[in-house]
C-alpha cells in the first residue's frame with residue numbers, strides 16, 4: 001500500500017501547486033481555489049503569472065454568485081516563478097504545461113527531486129502515457145493522470161489515468177480528490193486516447209469518413225446526432241441507452257450485419273454483448289441488461305419517454321445552435 005502522509009483523502013483547505021499558467025492551468029487553479037484549496041500557480045513566464053487574475057476572473061464568475069466570492073477565489077491563488085518555492089508545503093502538484101512529451105518529462109523529473117515521497121504528482125496530459133512521462137522519475141508510483149475535459153470548470157467528468165505501477169490506493173485517492181471539487185472521476189488504465197477521446201474519436205473518425213465519401217452533409221450529420229443520439233446519450237450514456245431502446249439480440253444482429261457488409265472488425269459482435277444475449281439479459285424488457293431494472297418495463301418506458309420529451313422540448317425552446325450565431 002502506498003503510504004500517504006495525509007491519509008486516504010485530500011486535506012480540506014490544503015495547499016496545491018499547479019504548474020503551467022496557460023489556459024488549462026488557469027482554469028484548474030481557479031477551480032481548486034473555488035473549492036477551498038490554497039493554490040500556488042507556477043510558471044517560468046512571469047507575464048503569464050501577472051495576467052492570471054485578469055484571465056481567471058470570468059472563470060471564477062461562472063463558479064460564484066457574487067463579486068465578493070469571486071475575489072475570495074482569486075485571493076486563494078498566489079503566483080510563483082520558482083518551482084522549488086512553489087512546491088513547498090503542498091500535498092499535490094498538478095502539471096498543466098504544454099503538450100510536449102520532453103517538456104513534461106523534464107517537469108516531472110524535477111518534481112520528483114523536489115517533492116517528498118508523500119506528495120501526489122498529477123498530470124493533465126490529454127495524449128501521453130503516464131509511464132512515458134514518468135521515465136526519469138525514481139518514485140513514479142506517486143504519479144497519476146487527472147485529466148480535465150474542456151471547459152474544465154463546467155464539464156463535471158475527470159479522467160483518472162493509472163499505469164501498471166499506480167497503486168489502487170492512489171486511484172481511490174484520486175476519486176476522493178475529484179469528488180472534493182464536485183466532479184466525477186472515471187478511472188481508466190493508460191492507453192492511447194484514454195477513455196473519452198477513444199470513444200469520441202471513434203465517432204468522429206466515422207463522421208470524417210462519411211464526409212470524405214460525400215455520403216452526408218455537415219448539417220445533416222449534426223442534426224442527426226443532436227436530435228437523435230445526442231439527447232439519449234446526454235440523459236443516459238451509451239450502455240443504459242441501449243438497455244432502454246433496443247433488445248440485446250437486435251443490437252448483436254445489427255453489429256453482425258454491419259460486419260458482414262463491411263468486413264470491418266470494429267463491427268464484429270463482442271464477447272460482452274454475446275454473453276448478455278446468451279444469459280437472456282436483453283435490457284429493460286427482461287429486467288436486466290447492462291443494468292438491473294427495479295420497475296417493470298411499462299414504468300421504465302413511461303419514465304424514459306418523459307425524460308426524453310422534456311429534453312427535446314428544452315432544445316427546441318432554447319435553440320442553442322441558433323444562439324451561437326453560426327452559419
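Numbering (this note's numbering), first residue to last: 1 to 327.
For every residue, glycine included, the Cβ atom is placed at its ideal position computed from N, Cα and C.
As the structure is a prediction and not an experimental result, all values here were calculated from the model.
Exercise for the section: Would you tell me roughly how many angstroms separate the C-alpha atoms of residue 1 and residue 8, rounded to the nearest one? Expected result: The residue labelled residue 1 in the question sits at position 1 within the chain shown. The residue labelled residue 8 in the question sits at position 8 within the chain shown. Note that residue 1 scores a pLDDT of 39, beneath 50, so its modelled location is shaky; the value from the coordinates is reported in the next line. Across the structure, residue 1 and residue 8 are spaced so that their CA atoms are roughly 11 Å apart.
Handout entry: Close Cβ partners of residue 212 (< 6 Å) along its chain, the five nearest in sequence each way excluded
Key = To locate residue 212, count along the chain shown from 1; it is residue 212. Taken in chain order, the list of residues that qualify is empty.
Practice task
Specify the secondary structure class of residue 168 as computed by DSSP and reduced to three states.
Solution key: Against the chain shown, residue 168 aligns to sequence position 168. If DSSP states are grouped into helix, strand and coil, residue 168 belongs with the helices.
Exercise for the section: Output the distance between the C-alpha atoms of residue 301 and residue 87, rounded to the nearest integer angstrom. Expected result: Taking the first residue of the chain shown as 1, we reach residue 301 at position 301. Taking the first residue of the chain shown as 1, we reach residue 87 at position 87. Between residue 301 and residue 87, the C-alpha separation is close to 53 Å.
Exercise for the section: Classify residue 113 as buried or exposed, calling it buried when 16 or more other Cβ atoms lie within 10 Å of its own Cβ. Expected result: Start at 1 with the first residue of the chain shown, and residue 113 comes out as number 113. So residue 113 counts as exposed.
Problem - Run of the alpha helix (DSSP H) containing residue 131, from where it starts to where it stops - result: Against the chain shown, residue 131 aligns to sequence position 131. First-last of the alpha helix (DSSP H) with residue 131: 130-133.
Practice task
Give the straight-line distance between the Cα atoms of residue 231 and residue 106, rounded to the nearest whole angstrom.
Solution key: By one-based count along the chain shown, residue 231 stands at place 231. By one-based count along the chain shown, residue 106 stands at place 106. When the Cα atoms are used, residue 231 and residue 106 turn out to be separated by approximately 43 Å.
Problem - Sub-7 Å separation of residue 11 and residue 180 beta-carbons - result: Numbered from 1 along the chain shown, position 11 holds the residue referred to as residue 11. Numbered from 1 along the chain shown, position 180 holds the residue referred to as residue 180. Their beta carbons are not under 7 Å apart, which means residue 11 does not touch residue 180 by this criterion.
Handout entry: Whole alpha helix (DSSP H) elements within the stretch 108-155, 4-residue minimum
Key = For the stretch 108-155, whole alpha helix (DSSP H) runs of length 4 or above, ordered along the chain, are 130-133.
Problem - Bridge-paired residues (DSSP) for residue 307 - result: Mapped onto the chain shown, residue 307 falls at position 307. None; residue 307 has no bridge partner.
Problem - residue 108 beta carbon less than 7 Å from that of residue 159 - result: As a first step, residue 159 must be located in the chain shown, where it is residue number 159. As a first step, residue 108 must be located in the chain shown, where it is residue number 108. Cβ distance not < 7 Å, so residue 159 and residue 108 don't count as in contact.
Practice task
Note down, in chain order, each residue of its chain lying with its Cβ closer than 6 Å to the Cβ of residue 269, except the 5 sequence neighbours on either side.
Solution key: What you label residue 269 is simply residue 269 of the chain shown in a count that begins at 1. Cβ contact annotation for residue 269 (same chain, cutoff 6 Å, sequence separation greater than five): 252, 255 and 256, in chain order.
Problem - Simplified DSSP state of residue 184, which is helix, strand or coil - result: Along the chain shown, one-based indexing puts residue 184 at 184. In the three-state DSSP reduction, residue 184 falls in the strand class (E or B).
Exercise for the section: Please look up how many angstroms separate the CB atoms of residue 161 and residue 94, rounded, as I've assumed it's under 8 Å. Expected result: Counting from 1 along the chain shown, the entry for residue 161 is found at position 161. Counting from 1 along the chain shown, the entry for residue 94 is found at position 94. With a contact defined as Cβ atoms closer than 8 Å, residue 161 and residue 94 miss out at about 13 Å.
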